[in-house]
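Undergrad:
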Amino acid sequence: MARTTGHPPPSRQVTLENRRRHCAACGGKASADYRARRNVVTLTGVVALKVQVRVCHREGCALHLRAIRAEEEGLWVLPEQEFGLDVMALVGALRHQAQRSVPFIHTALRARGVPISERSVTNLIDRYEDLLALRVADSAHIQAATLKLGRVVLGIRGPCPGPGEDTLWVLRDCLSGEVLAARSLPECRTAELGSLLEEVARSLRVPITGVISSGQGALPGVVAAALPGIPHQFWPAREGGGPEPAVAPGAHRHPGTSPPAPRRPPHALDTRLPPPSLRMKTLFTTLSTTMLLLAAPGARSAEPSRPPHTLTYETYAYSGTLDGQATTVLAPALFANVALSERWTLSAAWLFAYAPARAGGRTAFQVGNPSVGLGTVLWDDGVKVRTGAGLVLPLTLLTDPDAAGSALLRRAATLRGNSGFSLVAPGLLGLTPWADASWRTGRLRLSLDGRLPMAVQLSEARGRRADAVVQLSGAANLDVSSNVIVGTTLQAIYITTAAPQVDPTHFALIPHVRLTGAAGFAEARLVVNLDAPLGFSFSRGGLWAAALALGTSL
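This is the structure:
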């Protein structure tokens with residue numbers, strides 16, 4: 001039966017901040033992209049939650065474009081649920097302890113001022129029973145979600161419906177958002193929670209690196225005994241979201257005979273100071289949140305988080321003619337990035353050229369010039385700005401390609417829209433300073449890249465000379481989904497040292513589609529050379545090339 005009444009308006013609003021500012025998978029910075037809004041029905045009224053959501057935009061990360069929600073949200077409500085954990089605990093206590101019927105529970109909740117239907121009561125009972133039956137060892141979904149991140153930060157929530165009632169203990173992974181276990185225990189048997197913690201720790205295939213809870217009652221001692229040596233962070237309880245809501249004795253046992261507990265006005269200001277112990281817990285929370293959430297065996301706990309190391313293989317392909325003869329040219333390349341710190345990155349590249357169906361000539365495979373470089377992040381707040389430089393080593397002086405091999409290497413550069421020509425041109429010692437900037441808004445990412453490749457020809461046989469090129473490119477990428485990215489790049493090259501008879505400008509349009517996953521990414525590109533690149537006689541009509549790139553994070 002469809003709902004015949006509107007959703008009740010919230011009585012107050014609570015903002016939940018995401019204390020974890022870095023991605024739990026790769027350690028890179030997770031930007032605050034937006035705030036999610038949801039209404040949660042609790043025993044003390046309807047609360048409007050404004051949940052801060054951070055997103056990791058680092059390509060190749062296991063959590064790429066996945067929402068990283070505020071940790072405290074799990075202390076209020078389960079994922080995709082309208083009713084808070086305190087309401088679920090009360091429903092479970094009335095059903096399983098007091099053996100009450102669904103109509104009785106519905107009447108009791110309505111007497112407490114909780115806007116709920118009988119169907120929702122039935123759904124809460126089913127969800128309550130599902131929680132109690134949950135076993136981590138038997139859930140492949142939970143194991144896969146925790147293995148992807150490599151560790152678990154355990155959130156413990158224990159809402160008690162009222163004096164004398166069982167407490168519903170819910171154990172949840174704050175990183176993946178998965179509920180790991182739940183158990184309904186009387187207050188006098190809280191020590192059994194330690195057995196549940198030990199059972200969860202044994203069932204998980206990854207270590208528990210931190211615990212977050214409100215620190216109520218004997219919970220700190222239970223956690224210390226069951227999970228020795230694991231940091232335990234206390235999250236101060238809020239009104240309506242804390243583990244122990246104020247409930248008058250017997251208020252829910254006989255509907256109508258006792259009025260609900262009095263509530264404060266929605267916007268009343270609570271001027272009472274918390275006890276000293278809670279103030280110390282609050283101070284501890286403020287000072288240690290980041291350190292706790294990043295602590296893990298072998299992980300970065302006392303140093304800034306680093307972006308992931310990446311390894312990329314790509315190859316460009318062209319089928320046409322070379323020197324008047326039919327040929328197929330492949331231009332493979334290897335790229336590696338090693339994160340030295342949160343801001344500094346060491347990079348390396350090596351390009352090759354291969355003609356498997358070449359007719360004539362002695363050379364079908366050529367090795368290009370390798371390069372090493374160093375880059376750093378200058379600014380990363382809304383707009384990310386990086387700069388660096390790369391040194392091209394003249395390895396081709398040793399291989400000494402013949403005329404056919406030189407033509408093959410030039411064609412490999414042409415297939416890339418002539419970007420990185422010094423990596424394949426024989427005999428060049430090059431230096432390439434560069435700078436780029438990127439900006440993201442929602443699903444759209446815009447970037448601008450500028451490079452100044454400079455090279456000196458060291459081979460006397462090819463003529464001593466110096467070359468300088470200005471290379472600019474602008475790209476726009478759209479996140480179609482969490483695993484699909486489409487975009488295009490417009491590349492412009494100007495040869496400052498070009499001969500008078502050579503066209504110094506070259507333009508290329510490079511549309512692409514990228515598929516991302518936990519293991520890495522695969523990208524397909526189409527390079528459309530819009531004019532004769534670098535004035536080579538064999539490409540006056542322009543060239544089109546197809547490319548495939550594969551990458552992974554290490």
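Here the sequence shown is numbered in full-length UniProt numbering, starting from 1 and rising by one per residue.
For every residue, glycine included, the Cβ atom is placed at its ideal position computed from N, Cα and C.
These numbers come from a predicted model, not from an experiment.
#1: What's the gap between the Cα of A403 and the Cα of A364?
#2: So what does DSSP say about T107, is it helix, strand or coil?
#3: When you compare the region 509 to 522 with the region 7 to 20, are there three or more beta-carbon pairs, one atom per stretch, that lie closer than 8 angstroms?
#4: Quick one: residues in its chain with C-beta nearer than 6 angstroms to the C-beta of G390, no 5 flanking neighbours on either side, listed in chain order?
#5: Please classify H506 as buried or exposed, where buried requires at least 16 neighbouring CB atoms within 10 angstroms.
#6: So the alpha helix (DSSP H) E523 belongs to, where does it begin and stop?
#7: Name the two residues that bound the continuous beta strand (DSSP E) containing K50.
#8: Could you spell out the range, first to last residue, of the alpha helix (DSSP H) harbouring Q81?
#9: Please confirm whether N483 and T516 have their CB atoms less than 8 angstroms apart.
#10: For L330, which beta-bridge partners are listed by DSSP?
#11: Helix, strand or coil for G373, going by three-state DSSP, please let me know.
#12: Label Q13 either buried or exposed according to how many other C-beta atoms from any shown protein chain fall within 10 Å of its C-beta, with 16 as the threshold for buried.
#13: Where does L534 land, buried or exposed, given buried means 16+ other C-beta within 10 angstroms?
#14: When you compare the CB positions of E71 and I212, do they come within less than 8 angstroms of one another, or not?
#15: Short of 8 angstroms in beta carbon distance, which residues of its chain neighbour L452, apart from the five on each side in sequence? Order them along the chain.
#16: Under three-state DSSP, which class holds T496?
#17: Based on Cα-Cα distance, which residue from Y494, R58, P8 lies nearest to A30?
#18: Please give the ranges of any alpha helix (DSSP H) in the region 211 to 239, keeping only runs that are unbroken, at least 4 residues long and fully inside the region.
#19: Going straight from the alpha carbon of R440 to that of L490, what length do you get?
#20: By DSSP's criteria, K384 is part of a beta bridge. Which residues make up the other side?
#21: Identify every residue that forms a DSSP beta bridge with K29.
#22: So the alpha helix (DSSP H) I142 belongs to, where does it begin and stop?
#23: Between W169 and L193, how many whole angstroms is the CB-CB distance? I'm expecting something under 8 angstroms.
#24: Alpha carbon to alpha carbon, how far is G27 from N337? Give it in angstroms, no decimals.
#25: According to DSSP, what are the bridge partners of R37?
#26: How would you write the range of the beta strand (DSSP E) that S447 sits in, first residue to last?
#27: Taking the alpha-carbon positions, what's the D33 to R95 distance?
#28: Reducing DSSP to helix, strand and coil, say where R100 ends up.
#29: Give the straight-line distance between the Cα atoms of V77 and R69, rounded to the nearest whole angstrom.
#30: With DSSP collapsed to three states, give me the class of I181.
#31: Take V47 as the anchor and find which of L171, F83, L448 has the nearest alpha-carbon.
#32: In angstroms, rounded to a whole number, what distance separates the CA positions of L526 and A62?
#33: Mapping DSSP to helix, strand and coil, what is R172?
#34: Looking at the secondary structure, which residues open and close the alpha helix (DSSP H) in which D130 lies?
#35: Can you tell me where the beta strand (DSSP E) holding L515 begins and where it ends?
#36: Specify, as a first and last residue, the run of the beta strand (DSSP E) that L472 falls within.
TA: Once the coordinates are examined:
#1: Here residue 403 corresponds to residue number 403 of the sequence shown, with the count starting at 1. Here residue 364 corresponds to residue number 364 of the sequence shown, with the count starting at 1. Distance between the alpha carbons of A403 and A364: 12 angstroms.
#2: Counting from one through the sequence shown, the residue named residue 107 turns up at place 107. Helix at T107.
#3: no
#4: For this step, residue 390 is matched to residue 390 along the sequence shown. If we look at G390 and ignore the five residues flanking it on each side, its Cβ neighbours are S371, G373, T432.
#5: Residue 506 sits at position 506 when you count from the first residue of the sequence shown. H506 comes out buried.
#6: Sequence index remark: in the sequence shown, residue 523 carries index 523 (1-based). First-last for E523: 521 to 529, but that is the beta strand (DSSP E), not the alpha helix (DSSP H).
#7: Here residue 50 is taken as the residue at index 50 of the sequence shown, counted from 1. Taken as a continuous stretch (DSSP letters only), the beta strand (DSSP E) holding K50 covers 45 to 55.
#8: For this step, residue 81 is matched to residue 81 along the sequence shown. Note, Q81: premise wrong, no alpha helix (DSSP H); not H, not E.
#9: Reading the sequence shown from its first residue, position 483 is the one you call residue 483. Reading the sequence shown from its first residue, position 516 is the one you call residue 516. In this structure, T516 lies closer than 8 angstroms to N483 by Cβ.
#10: As a first step, residue 330 must be located in the sequence shown, where it is residue number 330. Answer is A317, Y354.
#11: Residue numbering aside, residue 373 sits at position 373 when the sequence shown is read from its first letter. Strand.
#12: In the sequence shown, counting from the first residue as 1, residue 13 sits at position 13. Q13 is exposed by the Cβ-count criterion.
#13: By 1-based counting over the sequence shown, the position of residue 534 is 534. The predicted position of L534 is uncertain, since its pLDDT is 39 and thus under 50; a value taken from the coordinates is nonetheless stated next. Buried, by the Cβ-count rule.
#14: The residue you call residue 71 lines up with position 71 of the sequence shown. The residue you call residue 212 lines up with position 212 of the sequence shown. Yes; because the gap between Cβ atoms is below 8 angstroms, this pair is in contact.
#15: In the sequence shown, counting from the first residue as 1, residue 452 sits at position 452. Around L452: T432, P433, W434, A468, V469, V470, Q471.
#16: Your numbering for residue 496 matches position 496 in the sequence shown. Three-state result, T496: coil.
#17: Taking the sequence shown and counting its residues from 1, the one referred to as residue 30 is at position 30. That would be R58, whose Cα lies nearest to the Cα of A30.
#18: 219 to 226
#19: Residue numbering aside, residue 440 sits at position 440 when the sequence shown is read from its first letter. Residue numbering aside, residue 490 sits at position 490 when the sequence shown is read from its first letter. About 18 angstroms.
#20: Taking the sequence shown and counting its residues from 1, one reaches residue 384 at position 384. In the DSSP output, where bridge partners are listed per residue, K384 has D380, S438.
#21: Within the sequence shown, residue 29 is the residue found at index 29, counting from 1. Per DSSP, H22.
#22: Position 142 of the sequence shown, counting from 1, holds the residue named residue 142. Residues 140 to 149.
#23: Position 169 of the sequence shown holds residue 169. Position 193 of the sequence shown holds residue 193. With a Cβ gap of about 6 angstroms, W169 and L193 count as contacting.
#24: For the purposes of this step, residue 337 is taken as the residue at position 337 of the sequence shown. For the purposes of this step, residue 27 is taken as the residue at position 27 of the sequence shown. Each residue's alpha carbon lies about 15 angstroms from the other.
#25: In the sequence shown, the residue the question calls residue 37 occupies position 37. Answer by DSSP bridge pairing, in chain order: K50.
#26: The count along the sequence shown starts at 1 and reaches residue 447 at position 447. 444 to 451 is the extent of the beta strand (DSSP E) around S447.
#27: As a position in the sequence shown, residue 33 is number 33, starting the count at 1. As a position in the sequence shown, residue 95 is number 95, starting the count at 1. Looking at the two C-alpha atoms, the distance is approximately 41 angstroms.
#28: Sequence index remark: in the sequence shown, residue 100 carries index 100 (1-based). Looking at R100 - three-state DSSP - the assignment turns out to be coil, as it is neither helix nor strand.
#29: By 1-based counting over the sequence shown, the position of residue 77 is 77. By 1-based counting over the sequence shown, the position of residue 69 is 69. Looking at the two C-alpha atoms, the distance is approximately 13 angstroms.
#30: Here residue 181 refers to the residue found at position 181 of the sequence shown. With the sequence shown as reference, residue 181 is identified as Ala, and Ile is not the correct amino acid for it. Strand.
#31: Here residue 47 refers to the residue found at position 47 when the sequence shown is read from its first residue. Ranking L171, F83, L448 by Cα distance to V47 puts F83 first.
#32: Here the question's residue 526 lines up with position 526 in the sequence shown. Here the question's residue 62 lines up with position 62 in the sequence shown. Their backbone Cα atoms lie some 27 angstroms apart in a straight line.
#33: Against the sequence shown, residue 172 aligns to sequence position 172. Note: R172 maps to strand in three-state DSSP.
#34: Along the sequence shown, read from residue 1 onward, the residue named residue 130 stands at position 130. Note, D130: alpha helix (DSSP H), 118 to 133.
#35: For this step, residue 515 is matched to residue 515 along the sequence shown. That run of the beta strand (DSSP E) goes 505 to 516.
#36: Residue mapping note: residue 472 aligns to position 472 of the sequence shown, counting from 1. From DSSP, the beta strand (DSSP E) with L472 extends over 466 to 479.
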